[in-house]
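In our numbering, the protein residues as written are 94 to 303.
Everything on this sheet refers to the single structure shown next.
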């Protein structure tokens with residue numbers, strides 16, 4: 094296993110990375126504004142599970158496919174773009190006010206929000222390459238199971254991410270409370286969320302490989 098000083102160094106790097114605004118933070122914030130803190134935490138839970146998936150893929154060598162087989166990267170990248178655009182359209186076409194969903198809609202949307210957070214993270218090939226580039230630098234080749242070490246690093250990253258994004262979620266929920274007084278544009282949060290999905294799709298489509 095990595096020694097304590099290595100884990101502290103990784104935690105410091107994770108803090109800098111998670112505190113830097115990016116697509117995940119933007120998605121979490123927009124979810125919190127549109128549907129409250131529960132939706133924000135569900136989105137983060139999906140993203141965190143996606144991080145574990147990428148870490149396991151890197152440990153098993155699957156992420157190296159993106160480096161050795163360029164077409165695999167392109168397939169995942171465009172699949173991610175299509176999925177984000179689908180979410181944007183679906184959000185715009187959803188019925189009712191985002192501020193006052195029924196109890197049934199809350200139950201169903203909770204599962205959907207979690208899956209969307211997970212899928213958005215998994216279908217981002219840049220996240221896979223990021224994990225593949227960063228995590229091995231903090232792994233001890235003689236420290237035992239690679240899978241266990243990768244899972245430990247992912248847990249540290251997710252734990253710090255929870256603290257950072259938790260603050261973002263609570264702030265977004267507070268902003269939602271302020272926006273709820275706006276009656277002229279009851280679907281404003283849905284427009285905001287759809288814009289975020291479309292923006293992430295464009296970013297993924299136009300971005301270069303890392």
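Note that the Cβ used here is the ideal one computed from N, Cα and C, for glycine as well.
What you are looking at is a predicted structure, and each value in this text was computed from that prediction instead of being measured.
Check: Identity of the residue in 101, 218, 267 nearest residue 158 by Cα; Outcome: 218
Check: Burial state of residue 267, where buried means 16 or more other Cβ atoms lie within 10 Å; Outcome: exposed
Check: Minimum C-alpha distance to residue 111 - residue among 296, 290, 225, 261; Outcome: 261
Check: Residue closest to residue 203, alpha-carbon to alpha-carbon, out of 133, 295, 108; Outcome: 133
Check: Buried versus exposed, by CB contacts within 10 Å (16 or more), residue 169; Outcome: buried
Check: Through-space distance from residue 128 to residue 227, alpha-carbon basis; Outcome: 33 Å
Check: Cβ distance (whole Å) where residue 231 is taken to contact residue 136 below 8 Å; Outcome: Going by Cβ atoms, the distance from residue 231 to residue 136 rounds to 27 Å, so no, they are not a contact pair.
Check: Supposed close pair residue 215, residue 143 - CB separation, criterion 8 Å; Outcome: 5 Å
Check: Meets three-Cβ-pair contact criterion under 8 Å: the segment 237-248 and the segment 115-123; Outcome: no
Check: Distance, residue 167 Cα to residue 155 Cα; Outcome: 15 Å
Check: First and last residue of the uninterrupted alpha helix (DSSP H) at residue 162; Outcome: Segment: none, residue 162 is in no alpha helix (DSSP H) and carries neither H nor E.
Check: 8 Å Cβ cutoff met for residue 146 and residue 294; Outcome: no
Check: Cβ-based burial, residue 162 [other Cβ within 10 Å; buried from 16]; Outcome: exposed
Check: Close beta carbons around residue 107, own chain, < 8 Å, minus the five adjacent residues each side; Outcome: 249, 250, 253, 254
Check: Straight-line gap, residue 264 to residue 256 (C-alpha atoms, nearest Å); Outcome: 13 Å
Check: Extent of the continuous alpha helix (DSSP H) run through residue 157; Outcome: Run containing residue 157: none; DSSP gives neither H nor E here.
Check: Cα-Cα separation between residue 288 and residue 96, rounded to whole angstroms; Outcome: 43 Å
Check: Nearest candidate by alpha-carbon position, reference residue 213, set 131, 122, 123, 290; Outcome: 290
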